[in-house]
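Here the sequence shown is numbered in my numbering, starting from 15 and rising by one per residue.
Just so it is clear, CB atoms sit at the ideal spot from N, CA and C, and this is done for glycine as well.
Just so you know, these numbers come straight off a predicted model, no measurement behind them.
Below is one structure, written out as C-alpha cells, with a few remarks after it.
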Amino acid sequence: MSKSASNQTAAKEKVVLAYSGGLDTSVCVKWLQEEKNLDVVAVLGNVGQEHDGLEKIKEKACSLGVVACEVVDMEEEFCQDYLTCAIAANAMYENKYPLLSALSRPLISAHLVAAAHKHGATCVAHGCTGKGNDQVRFETSILALDPSLKVIAPVREWDLGMRPDEIAYAKKHGVPVGASIEKPYSIDDNLWGRAIEAGVLEDPWAEPPADIWTMTVAPEDAPDVPTYTVIGFEGGVPVSLDGEQLPMAELIGKLNKIAGENGYGRIDMIENRYVGLKSRECYEVPAGLALINAHKALEDLTLERSVLHYKLELEQAWADLVYNGQWFSPLKQAFDAFMAQTQQHVTGEVKLKFYKGSCVVVGRKSAVSLYDLNLATYDNDEAFDQNDAKGFINIQALSLKTWAIKQGVAGKAAAAPAEHAPASVPAPVAGLIHAAAR
Ligand code: ARG
Numbered sequence: 015m016s017k018s019a020s021n022q023t024a025a026k027e028k029v030v031l032a033y034s035g036g037l038d039t040s041v042c043v044k045w046l047q048e049e050k051n052l053d054v055v056a057v058l059g060n061v062g063q064e065h066d067g068l069e070k071i072k073e074k075a076c077s078l079g080v081v082a083c084e085v086v087d088m089e090e091e092f093c094q095d096y097l098t099c100a101i102a103a104n105a106m107y108e109n110k111y112p113l114l115s116a117l118s119r120p121l122i123s124a125h126l127v128a129a130a131h132k133h134g135a136t137c138v139a140h141g142c143t144g145k146g147n148d149q150v151r152f153e154t155s156i157l158a159l160d161p162s163l164k165v166i167a168p169v170r171e172w173d174l175g176m177r178p179d180e181i182a183y184a185k186k187h188g189v190p191v192g193a194s195i196e197k198p199y200s201i202d203d204n205l206w207g208r209a210i211e212a213g214v215l216e217d218p219w220a221e222p223p224a225d226i227w228t229m230t231v232a233p234e235d236a237p238d239v240p241t242y243t244v245i246g247f248e249g250g251v252p253v254s255l256d257g258e259q260l261p262m263a264e265l266i267g268k269l270n271k272i273a274g275e276n277g278y279g280r281i282d283m284i285e286n287r288y289v290g291l292k293s294r295e296c297y298e299v300p301a302g303l304a305l306i307n308a309h310k311a312l313e314d315l316t317l318e319r320s321v322l323h324y325k326l327e328l329e330q331a332w333a334d335l336v337y338n339g340q341w342f343s344p345l346k347q348a349f350d351a352f353m354a355q356t357q358q359h360v361t362g363e364v365k366l367k368f369y370k371g372s373c374v375v376v377g378r379k380s381a382v383s384l385y386d387l388n389l390a391t392y393d394n395d396e397a398f399d400q401n402d403a404k405g406f407i408n409i410q411a412l413s414l415k416t417w418a419i420k421q422g423v424a425g426k427a428a429a430a431p432a433e434h435a436p437a438s439v440p441a442p443v444a445g446l447i448h449a450a451a452r
C-alpha cells in the first residue's frame, strides 16, 4: 500500500467544534477538515438564542460533512447553574455589563468537553477571533475541565483575515454563504440578552442605528402609561411574576417582553476587554437588568448591613473573574459559596414600574425584612433612644477631634487661599484641587 493510501485509511483524529450555523463556524468545519485533516463533531447548543430552527442548523452541519452533530438543550442548565449565580452576585462588569456572553461560554465549554469524551476527540475548536474575550473564556474553561485536550482556534490561525477572503474560501469549499455577506454586526445572544458590536458601532461617537435593537422598542415609542410588575424571589432566585410561579426560563422570557415593550434594557458603553483594548459595545438585557435591579432592592431589605457592604466588594471581584474566563476557578467557587450563604433570606417581592426606557423599584416586602418601622419612624421614640446617639457620636468622633486639635484646623479653615494649586493648572481643575485640600 502506498503511503498516501495508508494515510487515507488510518482513522483521523477528531475535533469537537462549537457550531452556531453562521458563516465563521461553517467555514471552521471545512478548514478543520481540509487544513488539519480532522473529523469534525459539531456541538450546537441552545442557550436561548434567536435562531430559525436548530434542526435546520444541524442539517447545515451535516451537509458540511461533520461525522456527528450534537444538538444540546442547555437552557435549563443555563438558568439553574449560571443565571442563578449571576443574579445572586448582581453580576455587572464595570458596573454596566451583565456578562451575558461571559456566562454562556463556560456552559458551552463544559458541553464541548463532554462531547469530546463521548466521541473520543483529542481536540476542541471554537470560532472566536484573537481580539476578543470569548477565546479566553472558551479555552480557559476547556483546559480547566480537561487539561489533556488540545484547543484549536481556526479564525485566529487561518489566513482569511478579511471578510472577502473568508467568503471566497467558503464558496470554494461549498459552504453556503447566504445572508452572511450583508450582516454588518457581530452578534452574540442568549436568554440573558444580546451583544452587538462592530460595523458603524466602532465609531464611539456614532449613535447606534435603530436596526441593531430587536428586543427593545425605542423609549420614545414605548407606551405613554407605565407598566407595573411584581417579581417574587425565594432564596435570591426569581420564582414568580405578578403572583404566577414560573420556571426561570419562562419568567425571563415574559419579563424580556414586558421590559422590552417599555423600551427598557439598552446599554451603549465603552468596555475594557481582558486582552487590553477598549471596545464599543451595545447590549440589550431587558429582563436581566430588571431582575438585578429588583434583586438588589430585596437585598437592601433583607441583608444585614455588614454582609451587604462586604458583598458589594465581592460582586465586583466576581464579575471581573467571570468576565476574564475564570468560571471554573477555585476562587470563583469560593465566591459562590459566600454568595449562596448570603441568599438564604433573600425572599420576598419587589414591585417594578416600567416607563419609557426606565425601570424603577417602587415597592419591596419580605417576611424576613430587617426594616423595622418601630426603629425607623420619627413618630415613636420607645424603640430607639435618641439620647444614645450623643455618646455614640462622641466616642466615634474622638480620634478625629484629637487630630483636628493637633492640626490647629480651626484657624486654617477661615483663610483657605488657592495656593495649593500650581499656577499652570486650568481654573476649573485648580478649583477641584482647592476643594479637595479644604
Ligand atoms: N464584549 C462582550 C463580552 O466580552 C460581548 C462579546 C460578544 N461576542 C460577539 N461575538 N459579539 O462579553
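- Task: State the DSSP-derived secondary structure class of Y14, mapped to helix, strand or coil.
- Result: The structure shown does not extend to residue 14, since the chain spans only 15 to 452, so no value can be given for it.
- Message: Using a Cβ-Cβ cutoff of less than 8 Å, which residues in the same chain neighbour G362 once the five nearest sequence positions on both sides are dropped?
- Response: As a first step, residue 362 must be located in the sequence shown, where it is residue number 348. Within the same chain, G362 has close Cβ partners G246, F247, L312, L315, T316, R378, K379, S380, A381, V382, S383.
- Item | Entirely enclosed alpha helix (DSSP H) segments - the segment 310-391, minimum 4 residues | Runs of the alpha helix (DSSP H) inside the segment 310-391: 319-337, 344-356, 387-390.
- Residues sharing a beta bridge with F247, DSSP: For the purposes of this step, residue 247 is taken as the residue at position 233 of the sequence shown. Checking the DSSP bridge columns, you'll see F247 partnered with P252, G362.
- Item | Whole-Å CB distance - W332 paired with A103, under 8 Å assumed | The sequence position of residue 332 within the sequence shown is 318, counting from 1. The sequence position of residue 103 within the sequence shown is 89, counting from 1. About 4 Å separates the beta carbon of W332 from that of A103, a gap short enough to meet the 8 Å contact definition.
- Query: What is the DSSP secondary structure of M262, counted as helix, strand or coil?
  - Reply: Translated into the one-based positions of the sequence shown, residue 262 becomes position 248. The answer is helix: DSSP assigns M262 an H, G or I state.
- Leaving out five residues before and five after V150 in sequence, what residues of the same chain have Cβ atoms less than 6 Å from its Cβ? What you label residue 150 is simply residue 136 of the sequence shown in a count that begins at 1. Leaving aside the five residues that flank V150 on each side, the residues in its chain whose CB is nearer than 6 Å to its CB run, in chain order, Y288, G339.
- Task: Taking I166 and K50 to be in contact with their CB atoms under 8 Å, please state how far apart those CB atoms are, rounded to whole angstroms.
- Result: Looking up residue 166 in the sequence shown gives position 152. Looking up residue 50 in the sequence shown gives position 36. Between K50 and I166 the Cβ distance is about 7 Å, and since that is below 8 Å, they are a contact.
- Task: Could you work out which residue in L335, K197, A75, K367 is closest to V30 when comparing CA atoms only?
- Result: Residue 30 sits at position 16 when you count from the first residue of the sequence shown. Among L335, K197, A75, K367, the Cα nearest to that of V30 belongs to A75.
- Query: In the structure shown, what three-state DSSP assignment does V29 receive?
  - Reply: Counting from 1 along the sequence shown, the entry for residue 29 is found at position 15. Of the three classes helix, strand and coil, the one that applies to V29 here is strand, per DSSP.
- Query: Which term fits G141, buried or exposed, when burial requires 16 or more other beta carbons within 10 angstroms of its beta carbon?
  - Reply: Against the sequence shown, residue 141 aligns to sequence position 127. Under a 10 Å Cβ-count criterion, G141 is classified as buried, with 16 or more other Cβ atoms of the shown protein chains found around its own Cβ.
- Can you have a look at L345 and say buried or exposed, based on whether 16 or more other CB atoms are within 10 angstroms of its CB? In the sequence shown, residue 345 corresponds to position 331, counting from 1. In the assembly as shown, L345 is an exposed residue. Its beta-carbon has fewer than 16 other beta-carbons within 10 Å.
- Query: Should N276 be labelled buried (16 or more other beta-carbon atoms within 10 Å of its own) or exposed?
  - Reply: Here the question's residue 276 lines up with position 262 in the sequence shown. Burial of N276 is indicated by the presence of at least 16 other C-beta atoms within 10 angstroms of its C-beta.
- What does DSSP give as the partner residues of M283 in its beta bridges? The residue labelled residue 283 in the question sits at position 269 within the sequence shown. Paired residue(s): E295.
- Message: Can you give me the C-alpha to C-alpha distance between W341 and P120, rounded to a whole angstrom?
- Response: Against the sequence shown, residue 341 aligns to sequence position 327. Against the sequence shown, residue 120 aligns to sequence position 106. Distance between the alpha carbons of W341 and P120 is about 6 Å.
- Rank G146, V55, A449, A128 by C-alpha distance to the C-alpha of G290 and give the top, closest one. Residue mapping note: residue 290 aligns to position 276 of the sequence shown, counting from 1. The shortest Cα separation from G290 among G146, V55, A449, A128 belongs to G146.
- Query: Which residue comes first and which comes last in the alpha helix (DSSP H) that contains A56?
  - Reply: Locating residue 56 in the sequence shown gives position 42, where the first residue counts as 1. No alpha helix (DSSP H) holds A56; the beta strand (DSSP E) holding it covers 53-60.
- If you count every other CB in all the chains shown that lies within 10 Å of the CB of W219, and 16 or more means buried, which is it? Walking along the sequence shown from the start, residue 219 turns up at place 205. W219 is exposed by the Cβ-count criterion.
- What separation, rounded to the nearest whole angstrom, lies between the Cα atoms of L215 and R294? On the sequence shown, residue 215 is found 201 positions in, with the first residue counted as 1. On the sequence shown, residue 294 is found 280 positions in, with the first residue counted as 1. In a straight line, the C-alpha of L215 is about 7 Å away from that of R294.
- Could you tell me the boundaries of the alpha helix (DSSP H) in which C76 lies? Position 62 of the sequence shown, counting from 1, holds the residue named residue 76. DSSP places C76 in the uninterrupted alpha helix (DSSP H) bounded by 68-77.
- Item | I210 - partner residues in DSSP beta bridges | Start at 1 with the first residue of the sequence shown, and residue 210 comes out as number 196. Answer is I201, C296, bridged to I210.
- With 16 other Cβ atoms within 10 Å as the buried cut-off, status of L9: Because residue 9 is not part of the residues shown, which for the chain are 15 to 452, the question remains open.
- Query: What number of angstroms, rounded off, separates the C-alpha of G192 from the C-alpha of G35?
  - Reply: On the sequence shown, residue 192 is found 178 positions in, with the first residue counted as 1. On the sequence shown, residue 35 is found 21 positions in, with the first residue counted as 1. A direct Cα-Cα distance of roughly 12 Å separates G192 from G35.
- Query: What span of residues does the beta strand (DSSP E) with D179 cover, start to end?
  - Reply: Translated into positions along the sequence shown, residue 179 becomes position 165. Going by DSSP, D179 is part of no beta strand (DSSP E) but of the alpha helix (DSSP H) stretching over 177-186.
- Verify the contact flag: S118, CB atom, against every heavy atom of the ligand FMN, threshold strictly below 6 Å. Only the ligand ARG can be found as ligands here, which leaves the ligand FMN out of the picture.
- Message: Rounded to whole angstroms, what is the Cα-Cα separation between D395 and R319?
- Response: Locating residue 395 in the sequence shown gives position 381, where the first residue counts as 1. Locating residue 319 in the sequence shown gives position 305, where the first residue counts as 1. Computed Cα separation, rounded: 22 Å.
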